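Quick notes on the structure that follows.
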């Protein structure tokens, strides 16, 4: 199967699973239909589903079939989507456009967007707590702990805070890498580690995969910054040229486009190198490196 | 020990635990100091810590010492505090005052308040995922699932959405009770159930405690509505008269003050009745009913 077909197959499977998860209602008092609609709008729009792809492919390294990784993949995607909804809010980045569609607070309203983000974040942990996600509660508890650490104050949310504080402030390369490691890197690392946890990988295997994920995570962000600097809004599906407009330092603004491309290549080499212990089994994760480095949106 | 002394002892213990939990930093890239400061501001201000009290006392029914219930109690309080931070946002209730102090977005800024709420919610699940919270991962996974359900789209967040939608809309008693069961009731019910889970209570014991918690949760909200209708801002520590101002139906506006007080008494009787199977062991939970019914802030 070609890489793009594989990516698309996982994307469809995850979206189908998310659709079914977000359609569930429990017994008890009737819940808010509008909130559920906003959550579905946020979670089921266009999206590469790159993090779910990483969960599924990392799990596959250890023989876990796609179907048994789907709930964990869906949970990670819920966290990613919640972060986009809150990032776009007027009190944060104030974006009107996301993935080529109105952002949640534009399509609904601000209060609904705040609550839809909150509820998607919460739902991710609901999914991970369920016996259907993994039969062993010790694995479920580890997934919960890992996802919370990756997305909380010492992870993604902390990175977002640092990113906001950095606007208009002078930054060096280490500072920018630290922000991006937290803001984007931690959730990408968790995605890969979640697959490893599902597959009961050894400590050594998890370390190799962590090195892979760290390189891929940073490459993902450098590629994003290159798109922001070079792409057009129509291609990228959201506003571009924002970083320069906000006076925000990126690796591209610090290194220039040519050295940023060089950095991207070297991160790609690091990522592929970290996959060595897995041999041919890691072909899809290896191809993901090219996908990340050369993405156009 | 008098009830108020007991409440205060648990409050101190929970605040001490929260202080220590929110001071922890992990190895890895440096996290955002401002975010941690806003989280501490939100979680460590004045507060009755009623939900932690319920966790601790329900656990105590089954012989679980306070120290072993503290982490779970702290996790529930993180969720309660996050919900207050987000409820107060300009895009939601737009409140400047909470527990007698400026709200988080007033003391910091809106972006920091959004992120601090997100991070407190996430931190609650981090705490519950840790082996220190309970030695058995099956109990941890159940706590995660329960907290997520209680606070998510079919729980607290859903109730908040319905509450916003209900402003200016005609409501009957069942409609108001449904909103309040979701908005306030589900987290109070989970607090009691969390104690039962920590203590490995039987299904029958959990059902008795659920009946208690449902009555207490609704009583808590009726008392809150009475305070809003009758109290002064200085006494209550936040703006009062808001429900009437927002055209928001409450049990007090639907039933009138006198019948609302009657309802409060009958809920209290239900709650105490549900504790019968536990005999004298449930004295503190019984006294909590009076505390809820007669609170002045």
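Residue numbers (our numbering), protein chains in the order written: chain A, 6 to 302; chain B, 6 to 302.
In this text, a Cβ means the ideal position worked out from N, Cα and C, and glycines have one as well.
All values reported here derive from a predicted model rather than from experimental measurement.
Asked: Use the C-beta contact count for residue 281 (chain A): other C-beta atoms within 10 angstroms, 16 or more gives buried, fewer gives exposed.; Found: exposed
Asked: Is residue 278 (chain A) close to chain B? Criterion is C-beta to C-beta, closer than 8 Å.; Found: no
Asked: Identify, in the order they occur along the chain, each residue of the same chain with its Cβ nearer than 7 Å to the Cβ of residue 1 (chain A), setting aside the five sequence neighbours on each side.; Found: Past the boundaries of the shown model lies residue 1 (chain A); chain A is included only from 6 to 302, so the question cannot be answered.
Asked: Short of 9 Å Cβ to Cβ, which residues in the region 113–127 of chain B face chain A?; Found: 114, 115, 116, 117, 118, 119, 120, 121, 122, 123, 124, 125, 126 and 127
Asked: Using a cut-off of 7 Å between C-beta atoms, extract the partners of residue 143 (chain B) located in chain A.; Found: 142
Asked: Using C-beta distances below 7 Å, list every residue in its chain close to residue 121 (chain B), excluding the 5 sequence neighbours before and after it, in chain order.; Found: 40, 43, 44, 47, 90 and 109
Asked: Tell me, please, whether the CB atom of residue 296 (chain B) is closer than 8 Å to any CB atom in chain A?; Found: no
Asked: Ignore the nearest five residues each way along the sequence and tell me which others in residue 62 (chain B)'s own chain have a CB closer than 6 Å to its CB.; Found: 289 and 290
Asked: If you measure between the beta carbons of residue 149 (chain A) and residue 81 (chain B), is that distance less than 8 Å?; Found: no
Asked: Count the C-beta pairs between the region 198–214 of chain A and the region 63–82 of chain B that are closer than 8 Å, then say yes if the count reaches three, no if not.; Found: no
Asked: Taking only three categories from DSSP, how would you classify residue 7 (chain B)?; Found: coil
Asked: Mind the definition here: the region 126–141 of chain A touches the region 7–25 of chain B only if three or more C-beta pairs lie below 8 Å; say whether that holds.; Found: no
Asked: Where residue 8 (chain B) and residue 198 (chain A) are concerned, what is the direct C-alpha to C-alpha distance, given to the nearest angstrom?; Found: 47 Å
Asked: Counting pairs of Cβ atoms below 8 Å between the region 265–280 of chain A and the region 219–229 of chain A, do you hit three or more?; Found: yes
Asked: Considering only residues of the same chain and omitting the five flanking positions on each side of residue 181 (chain A), which have a CB-CB separation below 6 Å?; Found: 254 and 256
Asked: Can you name the residues of chain A whose CB is closer than 8 Å to the CB of residue 202 (chain B)?; Found: The premise fails here: residue 202 (chain B) is roughly 12 Å from chain A at the closest Cβ pair, so nothing lies under 8 Å.
Asked: Are the CB atoms of residue 104 (chain B) and residue 186 (chain B) nearer to each other than 8 Å?; Found: no
Asked: Which class does residue 103 (chain A) belong to by DSSP, given the choice of helix, strand or coil?; Found: strand
Asked: Please check if any C-beta of chain B sits within less than 8 Å of the C-beta of residue 196 (chain A).; Found: no
Asked: What does the alpha-carbon distance come out to for the pair residue 236 (chain A) and residue 188 (chain A)?; Found: 21 Å
Asked: Confirm, please, whether the CB-CB distance from residue 153 (chain A) to residue 131 (chain B) is below 8 Å.; Found: yes
Asked: Are residue 276 (chain A) and residue 220 (chain A) close, meaning C-beta to C-beta below 8 Å?; Found: yes
Asked: With distances taken from CA atoms, which of A:231, A:64, A:35 and A:125 is nearest residue 26 (chain A)?; Found: A:125
Asked: Using the C-alpha atoms, what's the distance from residue 159 (chain B) back to residue 260 (chain B)?; Found: 27 Å
Asked: For residue 54 (chain A), does the count of other Cβ atoms within 10 angstroms reach 16, so buried, or fall short, so exposed?; Found: buried
Asked: Mind pulling the chain B residues with CB within less than 7 Å of residue 131 (chain A)?; Found: 150, 153, 154 and 157
Asked: Alpha helix (DSSP H) containing residue 188 (chain A): first to last residue?; Found: Neither: residue 188 (chain A) is in no alpha helix (DSSP H) and is coded neither H nor E.
Asked: Would you mind stating whether residue 166 (chain B) and residue 129 (chain A) have Cβ atoms separated by less than 8 Å?; Found: no
Asked: Buried or exposed for residue 262 (chain A), going by 16 or more other Cβ atoms inside 10 Å?; Found: exposed
Asked: State the Cα-Cα distance for the pair residue 212 (chain A) and residue 29 (chain A), rounded to the nearest angstrom.; Found: 37 Å
Asked: Assuming residue 84 (chain A) contacts residue 192 (chain A) under a Cβ cut-off of 8 Å, what Cβ separation, rounded to an integer in Å, is found between them?; Found: 7 Å
Asked: Taking Cβ to Cβ, would you say residue 123 (chain B) is nearer than 8 Å to residue 162 (chain A)?; Found: yes
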